[in-house]
Structure formats: structure tokens, C-alpha cells
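Just below is one structure, and these are the notes that go with it.
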Amino acid sequence: MKDLTFDSVVIGGGAAGMAAALELDRAGFSCAIVEREEALGGILTQCIHNGFGLIEFNEELSGPEFAEKIEERLAGTGITSFTGATVMELDASGDIKTLYCYTGAHGVMRLSARVVVLAMGCRERNRGNIRIPGDRPAGVYTAGLAQRLVNIEGFVPGKDVVIIGSGDIGLIMARRMSWIGCKVHAVVEILPYPSGLTRNIVQCLHDFGIPLYLSHLTTNIVGRERVEGVEITPIENGATRYDKAFTIPCDTVLLSVGLVPENELSKMAGVELNPMTNGPVADSMLMTNVPGVFACGNVLHVHDLVDYVVEEARRAGAHAARWLKGERPKAEARVKAGPNVRYCAPSRVDLHAANKLYMRTLIVKNDATLEVKVNNRVVKSVKKNHIQPSEMIAVELGPKDLEFAVGAPDPVVELSIS
Amino acid sequence: MSEELICITCPLGCRLSVDRQPDGGLAVTGNRCPRGVKYANEELLAPRRVVSATAAVEGGAACSGNPGGLCAVSRLPVRSSAAYPKQGVPELLEAIYALRVSLPVSRGDVLIKDFKGSGVDVIATRTLKRVE
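Chains A and B, in that order, give the protein sequences.
Take the first sequence: its position 130, counted from the start at 1, is 128 in the numbering used here, and no numbers get skipped.
Counting the second sequence from 1 gives a position; the numbering used here is that position plus 13.
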């Protein structure tokens, strides 16, 4: 068995993994990336549409371009990339963490490292997660799977499509399917507002005359061998109006009903998860409750822009390097999600350093106010033109904002929106 | 009669009401900033879209990863180098689908030069090697 030792190992070779590895390498630590796909780049390689990179590269790129431009930064570094390698086991109980990987090229491989960075990304919620009744015919795909089939493998999964859920991947696929000659008959959303960006509603639905049914529940998928139709039912004033149900004939159903961080390995390693994000609880260094195990990108919480993923991963990599050098935060405060805030990540801030937090709101509002309280005292108030659950909000907190917390027992930083 | 439009320049998503003036200009209301007027003009008078799609590669399988590794890449992602007039998009897509790209290909390679004299190229957005 191949047995290798590095200072650090990054699990996942997408945007987050590459960005974290680059920081560890820059700080002088040896680093290996383990990626289960044959190529680096993660989900970006199948996101062929435009709109990535405005923050990171100051231009609009497609996903594959963004991934390649990050990958090019690996050239000339000491980073070792193992592609086609799946981590099957992560033992993080000791000072030296052990990873067992299956690879096509080397068989079973054991990697040892003092630091592990989790960067496995997320996966799609599927039919089981949202419990759609009905038959179990062929032709039901998650939107991301359909995206992979179309964009990488060159298969067209069907001709007449109904999309359930108005997440951005579903909207992007509505346009993609239309552009390959399929007919997209409807997008069905249970909530009264779309969960994707307005930009995508306009350019992926309006451009093609695709109807968006808001406040509609999918009550049946019809068809024995192959999908034959989808029954949808309006929701009016909280009541499901079965008397008004109707069926849209189709041969393909795409599900775009949310993403969940992929934390099977994290759980195996004893990493505590936050039930609001389904990602690890992370401290101010983006380290989990398991010393030496860090997390970043979509495995920590689902982001909306890859540019933010890269920014966060860079911090995780830099923190991991500092941790390897023996640096620890002197004092931290707990971060609490207050009124109208769904979650904040990470879950702790360093009282003596510059902190960056990402958060999501529960409400849609114009002219909103974001308030930061330290031990119930307001220390910061920020006006926001427009907020909505699908758009992540970034907050920066420095030592000056947090000075009231210094010396206090169990200090709490609460973020709220009104 | 007014035309209704949602401005997509920023996440606010202002609902614009646009009236065409006798002089050919547009009267825009509902915008919270000047970018709404610019958006309405572009979108109603000369709408353009960046087109992204995939092209067939000659000889099938190709991969940018492990040499000899299992690989199912059989399409090359491409896009227009800039936004292209919206009404011409189906024609541009047809030209992209007619391509048979021979490998290797590098990101940024021009596959169709100056489509229909528009000044817009179709470029490869991924580097793909030939798998022997």
C-alpha cells in the first residue's frame, strides 16, 4: 500500500480545495489534494454558463474557465494532486490524521497529515428529501445530474421537461434544455417567491416563455415505465387546493430543491455539525471541534458565489497554516443568529483579529438593517438596500467592534436583521 | 401602451414601466437608479445574450485529468466571447452544434471567428487533451 505523509491534506479538488491548498503551500507547508473525479475543478467543470469570477478575476467567466484559472496557480507550487482518488476513511482522533483512499492509479493509499482541510462541497437534495408522491418511473433527475449528463457526457435526458423547484441550477437548466431543443413546460415552486436570482428568472425563463408556478405543490409524478406527467396543486392562503390540481404532460422531471453539504467523512471524524447549515461548527480559524480539522466552501455552508467560496477557503488555508505554526486565538466570542437570521458561519469570532462572517437571512426586504450586538450592546449597524434568503450577506468584525467582549465571561455576538 | 420589465442590473430587481416615445426614445419609470434606464434601452432596443453551450469533439472521449484514467468527457464547453444579439442566438447555437472540434484544444481557442460579421467569436472554455 502506498503510504505518504504531508503536513496537510485537503479533501476535495474544487475551487475551495485548490484555494485552501494554495495558502498552505504559500506558507511553506507540504500539501496534498485528494479529488475523487479524474480532473480538478469540482462542480465548476459542468457549470458551463457565464457569471463566475467577477470578484476573483474581475471578469465574467464560465465555470470551467474559472476552475482552470485557479488550477493554473497550482503549477510551480509543491502541491501534490491525487485525482481519481476517493477518501473512504478519515481518522482524525490523534495528532496525526490518517486518510485511506481508493485510487485507480495506486490502489489503496494511506495519507497522513497534521492538518486536514474539508472541502468536499455539497450535493443535491433529491426526490426522497422532499417526498413527492407518485410512481417511480425513469426520467426523474436532479438538475445537477442532468447538467452533468448534458454538458460533460453529451446525453439529452428527455424532450419535454418540468422543473420542480426554482433554485438557480434548475433555472440555468431550463435555459440549457431549451437551447438543446427540449421544451420546458413549467417551473414549479412551493414558496410564494422564486428561490433563484431575478437575473436567472428573466434570462432563463422569460426569454423562453417558460411559466413559473409560484405557491404550487407537486402532488404526483405520473407514469409507470417513464414519466408521463406531473400533477401540481395550487396553495391558496395556506390551503392545498386539491380541487384545482392539474397535470402537465412531460417525459422528464428535473429537481432543483436545494443543496446539502456533504459531510459523511466529517461525521466519521467526529466533527460536530450545525443543524442550520448541515456543515461543521467552525471556530474563528474555520477549524472544527476536532483539532487540526478545518472546513471551507460548500461543505461548511452552501454559498451562492464561487468567488465567496474561494475567499473563505483562502482564509481556511491561511488559518490552517497559522495553526500548524502553533498560533491560536487568544479569546473568542460565540456567534449567535438573532431575529431574522437563519445562520452565521463561522460560529466563533476572534476578539483580537479581523473576522469575516457569512450569513443568510430568513426574510425578503428592501431598506433593511443588519445589527451586531456584543453582550446585548449594539456595536454595529449596517444598512442594506435589499436582502433575500438566496443572497448571502457578508459582515466584517474587527477588534474595535468586539472590544466590549474582551474579558467578559462567555461573550456572545448576536447578528440580527430588521 | 407600457411594457413591463424587471431590471436585472442589481439584486433589487426594480419593476420598470417603459413607454416608447414618438421620437423612438424610451420613457422609463419605476427605476430606483439611472442603471434602470440603461438596462431598459439595451433590453428593448438591442437585447444581447452571452451564449454558452457545448460542442462535439472529434473522436469522442477526452480528458484533462489523469492520463489513462476513467473519463467520460465527450463535450467541449464553449461560449460567445461577448454578448450576441438575442434574435440571432438560435442561429449561433446551430453553428456551435455543427462544430466537430479536433483535440487538443486550449481554453480561449477561437472555434468560430467573427460570427456573421458580429465581431463575436465562439471560444473554448476548457482545455481538453486527446486520450490515446
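Backbone N, C-alpha and C fix where the C-beta goes; we use that ideal spot for every residue, glycine too.
- Message: Just verifying my parser: in three-state terms, what is the DSSP assignment at A/V308?
- Response: Note: A/V308 maps to helix in three-state DSSP.
- Message: Suppose you measure from the CA of B/G81 to the CA of A/M266; what does that come to, to the nearest Å?
- Response: Residue confidence for B/G81 is low, a pLDDT of 46 falling below 50, so the modelled location carries little weight and cannot support an answer.
- Using a Cβ-Cβ cut-off of 8 Å (strictly less than) and excluding sequence neighbours within five positions of A/E69, which residues of its own chain qualify? These residues qualify, in order along the chain: M16, L38, G39.
- Message: Need the endpoints of the beta strand (DSSP E) that A/E412 sits in, please.
- Response: Per DSSP, the unbroken beta strand (DSSP E) holding A/E412 starts and ends at 410 to 415.
- Item | A/V297 classed as buried or exposed, judged by whether at least 16 other C-beta atoms fall within 10 angstroms | Of the residues assessed, A/V297 falls on the buried side of the cut-off, its CB having 16 or more other CB atoms within 10 angstroms.
- Message: On the DSSP letters alone, give me the boundaries of the beta strand (DSSP E) that A/Y356 sits inside.
- Response: From DSSP, the beta strand (DSSP E) with A/Y356 extends over 353 to 359.
- Would you report the Cα separation of A/R332 and A/H301, rounded to the nearest angstrom? When rounded, the distance between both Cα atoms is 22 Å.
- Beta-carbon contacts of A/T367 that lie in its chain and below 8 Å, excluding the five residues immediately before and after: Correct list, in chain order: S379, V380, K381, K382, I415, S416.
- Message: So, with DSSP's three-state summary, where would you put A/G142?
- Response: Three-state DSSP puts A/G142 in a helix.
- With DSSP as the reference, please indicate the residues paired to A/D158 in a beta bridge. Paired residues: A/K181.
- Task: Answer with buried or exposed for A/D1, where buried requires no fewer than 16 other C-beta atoms within 10 angstroms of its C-beta.
- Result: In summary, A/D1 is exposed, with fewer than 16 beta-carbon neighbours lying within 10 Å of its beta-carbon over all protein chains present.
- Query: Considering A/A25, what are the terminal residues of the alpha helix (DSSP H) in which it resides?
  - Reply: Going by DSSP, A/A25 is part of no alpha helix (DSSP H) at all; its letter is neither H nor E.
- Query: First and last residue of the alpha helix (DSSP H) that includes A/K265?
  - Reply: Segment 262 to 266, the alpha helix (DSSP H) holding A/K265.
- Measure from the C-beta of A/I46 to each C-beta in chain B and report whether the shortest distance is under 8 Å. For A/I46, the closest Cβ of chain B is nearer than 8 Å.
- Evaluate the contact criterion for the region 18 to 34 of chain A versus the region 122 to 141 of chain A: three or more CB pairs, one atom per stretch, below 8 Å. Judged by Cβ distances under 8 Å, the region 18 to 34 of chain A makes no contact with the region 122 to 141 of chain A, as fewer than three pairs qualify.
- For the region 117 to 140 of chain B, which residues have a CB atom closer than 7 Å to at least one CB atom of chain A, in sequence order? Close to chain A, meaning a Cβ-Cβ distance shorter than 7 Å, are the following residues of the region 117 to 140 of chain B: R120, T138, R139, T140.
- Per-residue burial, B/L83 [other beta carbons within 10 Å of its own, 16 or more giving buried]: Low per-residue confidence applies at B/L83: pLDDT is 49, beneath 50, and the placement is therefore not dependable enough to give any value.
- Message: Cutting at 6 Å between CB atoms, please list the residues of its own chain near A/S110, excluding the five before and the five after it.
- Response: Spatial neighbours of A/S110 in its own chain (CB-CB distance under 6 Å, excluding positions within 5 residues in sequence) are listed in chain order as T3, I94, T96.
- Query: In chain order, what residues of the same chain lie with their CB nearer than 6 Å to the CB of A/L212, ignoring the 5 residues before and after it?
  - Reply: Short of 6 Å from the beta carbon of A/L212, and not among the five residues preceding or following it, lie these beta carbons of its own chain, in chain order: E187, P190.
- Own chain, CB closer than 6 Å to A/D399, minus 5 neighbours either side, in chain order: For A/D399, where only same-chain residues beyond five positions count, the Cβ hits under 6 Å are V377, K378.
- If you measure from the beta carbon of A/P479 to each beta carbon in chain B, is any gap under 8 Å? The requested residue 479 of chain A is not part of the displayed model; chain A covers only -1 to 416.
- Looking at the unbroken beta strand (DSSP E) that takes in B/A68, where does it start and where does it end? That run of the beta strand (DSSP E) goes 65 to 70.
- Residues that DSSP places opposite A/F50 in a beta bridge: Its beta-bridge partners are A/L59.
- contact_flag[the region 41 to 56 of chain B, the region 19 to 31 of chain B] where n(CB pairs < 8 Å) is 3 or more: Yes: the two stretches touch, three or more of their Cβ pairs being nearer than 8 Å.
- Message: Against B/A66, what residues of chain A qualify as contacts under a CB-to-CB distance less than 7 Å, listed in chain order?
- Response: Within chain A, the residues near B/A66 are W177.
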